[in-house]
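K.L.:
Each residue of the sequence shown is one higher than the one before, starting from 16 at the first, in the working numbering.
Sharing a structure below in structure tokens format, with a few things to ask.
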Amino acid sequence: MTTPEPPRGPGRPRDTAVEEAVLTATIELLTEFPSADDVTIAAITTRSGISRAAIYRRWSSREELLAAALDSVRSEVKTTFTGDLRVDLADSFAVGMVDVTGASGDLIRKRIVLGLQNDKVREASWQQHVSRRRVHLTEAMSEAQAAGTLDSSVDTDVLIDLIVGMSYYQFVVRGPSTADGADDRVRAAIELLWRGVQPRD
């Protein structure tokens, strides 16, 4: 039996506990079922105890909910800008994607596969989550270009694609190893990239 959501009054903040219950239930089902096709809204309402109407007030479609659930377990990359963007990027991406083992790693890989299989999930993931997290990186790179530490002709969107794609490859596809850790390979790759984007005389 699902629990209906109490009505919200004007200006009343959204109940984050409801969202957390739905996302948790969705993640559990994605972990349990081999195919995301089995993770239906009906299954999510049963597992979470949240009504279908309450779910659709927050997510317009099942695909949007799946994208949100899978994004919630992403490896977080938080960049703190100190003025040396090369060092900041290396530090952030080298440590920000380390937790890709166990259940978390399985869900990260499932997010990639599902995005390739389902255009609606991919689009929702990009529009609602991925593109928004790139804004601060784009701004930092623009500031570096203005300061003359990053070549002004560099397409910063492409540069972000290169760094993120390389990081995913190292941590998810190739994976860490004892002798040559993924974090070291990420640092080395960013150093190499950075040489090619320095201002030209």
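Quick reminder that beta carbons are idealized off the backbone N, C-alpha and C, glycines included.
Note that the structure is a prediction, hence the values are computed from the model and not measured.
(1) What are the start and end residues of the alpha helix (DSSP H) that includes residue 36?
(2) Going by the DSSP bridge assignment, what does residue 70 pair with across the sheet?
(3) My parser needs the beta strand (DSSP E) runs of 3 or more residues fully inside the segment 148–215; what are they?
(4) Give the straight-line distance between the Cα atoms of residue 193 and residue 125, rounded to the nearest whole angstrom.
(5) Please return the same chain residues whose Cβ sits closer than 8 Å to the Cβ of residue 33, not counting the five positions on each side in sequence.
(6) Write down the C-beta distance between residue 41 and residue 104 rounded to the nearest angstrom, noting that I regard them as a contact closer than 8 Å.
(7) For residue 6, which residues in the same chain have their Cβ closer than 6 Å to its Cβ, ignoring the five residues on either side in sequence?
(8) Between 213, 165, 166 and 206, which lies nearest to residue 182 when the distance is taken from Cα to Cα?
P.N.:
Inspection of the coordinates gives the following:
(1) As a position in the sequence shown, residue 36 is number 21, starting the count at 1. Taken as a continuous stretch (DSSP letters only), the alpha helix (DSSP H) holding residue 36 covers 31–47.
(2) Residue numbering aside, residue 70 sits at position 55 when the sequence shown is read from its first letter. Note: residue 70 sits in no beta bridge, so no partner.
(3) none
(4) Your numbering for residue 193 matches position 178 in the sequence shown. Your numbering for residue 125 matches position 110 in the sequence shown. The predicted model places residue 193 with a pLDDT of 49, which falls under 50 and marks its position as unreliable, so this point remains unresolved.
(5) For the purposes of this step, residue 33 is identified with residue 18 of the sequence shown, where counting begins at 1. Here the set comprises 20, 65, 69 and 73.
(6) For the purposes of this step, residue 41 is taken as residue 26 along the sequence shown, with counting starting at 1. For the purposes of this step, residue 104 is taken as residue 89 along the sequence shown, with counting starting at 1. Their Cβ separation, rounded to whole angstroms, is 32 Å, which puts residue 41 and residue 104 out of contact at 8 Å.
(7) Residue 6 is absent from the structure shown; the chain starts at 16 and stops at 216.
(8) For the purposes of this step, residue 182 is taken as the residue at position 167 of the sequence shown. Comparing Cα positions, the closest option is 206.
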